[in-house]
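Trainee:
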Amino acid sequence: MTVPAHQMTPSQMVVLLDAAFRVADPLAYLESAATTFRMIDRSEDARAIAFMGCLLAEGEIELLMSLRATWKMGRVRSPESIVG
Numbered sequence: 001m002t003v004p005a006h007q008m009t010p011s012q013m014v015v016l017l018d019a020a021f022r023v024a025d026p027l028a029y030l031e032s033a034a035t036t037f038r039m040i041d042r043s044e045d046a047r048a049i050a051f052m053g054c055l056l057a058e059g060e061i062e063l064l065m066s067l068r069a070t071w072k073m074g075r076v077r078s079p080e081s082i083v084g
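1 is the number of the first residue of the sequence shown in full-length UniProt numbering; add one for each residue after it.
1. Could you tell me which whole alpha helix (DSSP H) segments of length 4 or greater appear in the region 25-83?
2. Going by the beta-carbon positions, is the gap between Leu56 and Ala20 smaller than 9 Å?
3. Suppose you measure from the CA of Pro10 to the CA of Glu58; what does that come to, to the nearest Å?
4. In its own chain, which residues sit with a C-beta less than 7 Å from the C-beta of Lys72, not counting the 5 before and 5 after it?
Put into C-alpha cells, the structure is as follows:
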C-alpha cells in the first residue's frame, strides 16, 4: 500500500510521537500539531494526531507504543484502524 503524498508516512508518525514525548507537555504538543495540520488542510493527519492525543489523555500509553511499533515496522495503519 502506498501512502498518498499528502499524508504522513509511518516513519513520520513515529518521529511526531517521539517528538511529543521529548517535550514537557506531550499532549499540548500533539494538540498543536493537530491544529497545524488542520490549518494546512491535512484533515486525515490532523485526525490521526488528535486521536493520539486522546489516547495519551486517557493514559493509553501501551496502545500508543503499540501504534509506534506498528509504524516503526513501516505498516500503514491509522490509530482508528487499530482500536476500531
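Heads up, the beta-carbon is just placed ideally off N, CA and C, and yes, glycines get one too.
Mentor: Straight from the coordinates:
1. Here the runs fully enclosed are 26-39, 43-57, 61-72, 79-83.
2. On the sequence shown, residue 56 is found 56 positions in, with the first residue counted as 1. On the sequence shown, residue 20 is found 20 positions in, with the first residue counted as 1. Yes.
3. Along the sequence shown, one-based indexing puts residue 10 at 10. Along the sequence shown, one-based indexing puts residue 58 at 58. Rounded to the nearest angstrom, the two C-alpha atoms are 23 Å apart.
4. As a working mapping, residue 72 is identified with position 72 in the sequence shown. Take Lys72, set aside five residues on each side of it, and the residues of its chain with a beta-carbon closer than 7 Å to its own are Val14, in chain order.
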